[in-house]
Amino acid sequence: WRVWAIYMVLAANLAEQQELKQVCPSCDAAQLCNCSSMGLDFIPPGLTDKITVLNLAHNRIKHIRSQDLQQAVNLRALLLQSNKISSIDEDSFLSLTNLELLDLSNNSLARLSPVWFGHLLSLQHLHLQGNLYRDLGESSPFSSLRNLSSLHLGNPQFTVIRQGNFEGIEFLNKLWIDGRSLSQYEQGSLKLIKKIKHMIINIRNSSIFSEIVRDLVHSVTWLEVRELQLAVETKSLVQNSTPPFRIQKLTFKDAFCTDQSLSRMLVLLKNITSLRELEAIDCVLEGKGEWDTEEIASSGQSFIETISILNVMIPNFHLFFDLYGMESQINKLKRLTITSSKVFMVPCRLARHFSSLLYLDFKDNLLVNNRLDETICENAWPSLQTLNLSQNSLKSLKETAKCICHLRKLNNLDLSQNNFGDIPDVCEWPKNLKYLNLSSTQIPKVTTCVPPTLEVLDVSGNNLKEFGLQLPFLKELYLTKNQLKTLPGAAPIPNLVVMSVRRNKLNSFSKEEYICDSPLAVRGAEVGAVHLSLMECHRSLVVSLICVLVFLVILILVAIGYKYHVVWYLRMTWAWLQAKRKPKRAPPKDICYDAFVSYSENDSNWVENIMVRELEQACPPFRLCLHKRDFVPGKWIVDNIIDSIEKSHKTLFVLSEHFVQSEWCKYELDFSHFRLFDENNDAAILVLLEPIQSKTIPKRFCKLRKIMNTKTYLEWPREEEQQQMFWENLKRALKS
């Protein structure tokens, strides 16, 4: 009984594993089991302890049962997102003590049970967003998850966060809460988490946002707020909190604000003394810059050093004020990025107060040359080292350089993707300029307008046909996507380390001036002194040519083989080798038929209705083997032909024009050719059903042609009086 019980258990497990293999083929003996997007309504049975990653995402699973994952004890990642899961048995995850990632996002869970996660002691990443629960319960569902590193939760119906909901969590790398419908937040709920590196929260309610910030000033390093409808806030963001604070970066994404709410927020953010970086992405400002600059100035100095404004929409940007009165708030700023935001000018008096700014990025805006002297005026941006003006509407390189010359400390300049179209012979540049990007600026040539102090120059994507500048300090040169036919001479750029010349029309260069870098055997040698083989220089080309030649040779051989019937000779050789393994003649006891009949299907009426009836009804009757009637079903046709010939006393060929054209008749001739004609016997009987010239027989059947020319064969007469003699001769031949 024990043996029987063990056998039954093993049989059941084997059956489940077979079912798993059928449902999800990738799970067969693999640690990673990918069953995503397979239309599954259930977790497949047969999961074993060998599986470490199970992907069941994008299916139609509605329920997780206790036994579904019981055997998958070594599972590290379980992906169940985008199903229809509405219920989970309390002990479904009981055996998953090694699980590190659990994704239940985008399902239909109306509640979260602490029991589900009670034994997931190794869990580091938990994704629960996009379900139907409205809150996290009265207590914390995560109290046992001591190793949790990232937590994603919330959904459009999520409305309440209570005290104690995050009890047990002390440290998170990432916390993402979808709280766009959040209407109730109990103060202190998020204070339980002592440290959060990056927190993302989708929230529209401005007052709840302020309450959450008050709870996070000591724990979050980077706070990212999405979809906020910023209102005018009166209370301090650090109410009842004392420094030191932890928040260093604050990001607003897809937010909406007015002049009044933004002005007030700038005042409140000064209270967060740890804040160093402010970022706005895809936001909308409904206003004209009418900020309360007096309140902003009187509230003290800002501690923010980096501001990034990316793709901010100001519907009335053309009416925007010049921000007069904000001068005192910008003198400590070190990095400013304003991209894709329709900036067309910065007032000179404001620009002069950016006294500490080191990095300025105005990429993809509306800057033009006739206003550039206002934006970059004398004494503006006095400490600036890096400037990005790419993708603007600048047309004159000479005028642009003249304005930029005011930036005496500038060493990095990006002017790419402006449409200069022309380049003068002489330009004024800052004396310390080291990096210049003029890629995709439509310049037709390079002139001495390019400053000789450069260490990096990018002129890619233009229409350059040559490059001959003297740049003694240049270390990197980028010439990609031009029309160069020869490499630049090495003498004018003696310190060059990197040069990119992809996608040009190069055909020559000065061999005496360049040093080889590869192959390794010739590294350091002058190019002119090195002679490499064709294979070393053009390996991919040589390999391609060899492949083409091999293909052509194979193609030619196939054509020759087809013309001279090489395949037929190979088939015949194979048939001959098969025949050689068998005795020359079958023992008498194995002879089953008087004759094997080989004929064309087009001649079947004569063979089956006239010849067979005449011979099989004779006295005594002859036993004939016909392929239609006597071949063994399911047996390979080649074996059927060979066996039928060997088990027949004679082989009767019914020759006609149809026979010569019949593929199967050719096969039967192929496989009988050696046995019948190489033995110099009379096993073959030729019946000529209609007049046929031996030259119409394929040339490869040379011995058959010879026999027809040297031996007598029976010819079917059309006159009835001669047919009787034909049958007597045929019967006599079969008996011989």
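For the sequence shown, the residue numbers in mature numbering (1 follows the signal peptide of the UniProt record, and there is no 0) are -17 to -1, 1 to 719.
Here a beta-carbon is modelled for each residue, glycine too, at the ideal position from N, C-alpha and C.
Query, Result
"Close-in-space but distant-in-sequence residues of the same chain around Thr424 (CB under 6 Å, 5 per side omitted)", "Asn401 and Phe403"
"C-beta atoms of Ser639 and Ser583 nearer than 8 Å", "yes"
"Helix, strand or coil at Ser311 [DSSP, three-state]", "helix"
"Test item: CB-CB of Ile279 and Gln312 under 8 Å", "yes"
"Entirely enclosed alpha helix (DSSP H) segments - the stretch 496 to 529, minimum 4 residues", "517 to 520"
"Contacts around Cys386, its chain only, beta-carbon distance under 6 Å, and the 5 residues preceding and following it disregarded", "Leu355, Asp356 and Ile359"
"Reference Glu73; option with closest CA among Leu452, Asp51, Leu635 and Ala334", "Asp51"
"Separation of Ser75 from Pro27, as counted between CA atoms", "14 Å"
"Integer Cβ distance of Leu454 from Pro475, believed to fall under 8 Å", "7 Å"
"Where the beta strand (DSSP E) through Lys385 begins and ends", "Unbroken run through Lys385 is the alpha helix (DSSP H), Leu380 to Ile387; no beta strand (DSSP E)."
"Beta carbon of Leu333 nearer than 8 Å to that of Trp364", "no"
"Residue from Ser281, Lys464 and Lys468 with nearest C-alpha to Ser483", "Lys464"
"Range of the contiguous beta strand (DSSP E) that encloses Glu269", "Val267 to Glu269"
"For Glu711, the three-state DSSP class (helix, strand or coil)", "helix"
"Status (buried if at least 16 other CB within 10 Å, exposed otherwise) for Ala238", "buried"
"Segment contact flag, the stretch 312 to 327 with the stretch 289 to 299, C-beta cutoff 8 Å, min 3 pairs", "yes"
"Where Ala280 sits in the DSSP three-state scheme", "helix"
"Beta-carbon proximity check, Thr431 vs Asp405, cutoff 8 Å", "no"
"Cβ-based burial, Pro502 [other Cβ within 10 Å; buried from 16]", "exposed"
"7 Å CB neighbourhood of Asp573 in its chain, flanking five on each side removed", "Lys630"
"Classification of Ser443 by the beta-carbon crowding that lies within 10 angstroms, buried from 16 upward", "buried"
"Segment limits, alpha helix (DSSP H) that includes Cys240", "From DSSP, Cys240 is part of no alpha helix (DSSP H) but of the beta strand (DSSP E) over Phe239 to Thr241."
"Best match in His110, Arg117, Thr142 and Ser324 for proximity to residue 750 [C-alpha to C-alpha]", "Limits of the chain in this structure are -17 at one end and 719 at the other, which puts residue 750 out of reach."
"The beta strand (DSSP E) enclosing Lys180, as first and last residue numbers", "Lys178 to Asn185"
"Length of the line joining the Cα atoms of Ile675 and His641", "10 Å"
"Cβ shell of Asp24 (< 8 Å), same chain only, five flanking positions each side left out", "Asn42, Arg43, Ile44 and Lys45"
"Assigned exposure category for Glu194 - 16 Cβ within 10 Å defines buried", "buried"
"Test item: CB-CB of Arg247 and Glu216 under 8 Å", "yes"
"Other residues of its chain near Gly270: CB distance less than 6 Å, five sequence neighbours each side excluded", "Thr241 and Asp242"
"Rounded separation between Asn663 and Arg522 - CA only", "With a pLDDT of 48 at Asn663, under the threshold of 50, the modelled position of that residue is not reliable, and no figure is offered here."
"Candidates Asn156, Ser257, Arg145 and Leu175, of which the one nearest Gln167 by Cα", "Arg145"
"Classification of Pro700 by the beta-carbon crowding that lies within 10 angstroms, buried from 16 upward", "exposed"
"DSSP three-state assignment for Gln212, whether helix, strand or coil", "strand"
"Beta-carbon gap between Ser587 and Cys608 smaller than 8 Å", "no"
"Residues sharing a beta bridge with Arg318, DSSP", "Thr289 and Tyr342"
"Span separating the alpha-carbon of Lys315 from that of Leu380", "31 Å"
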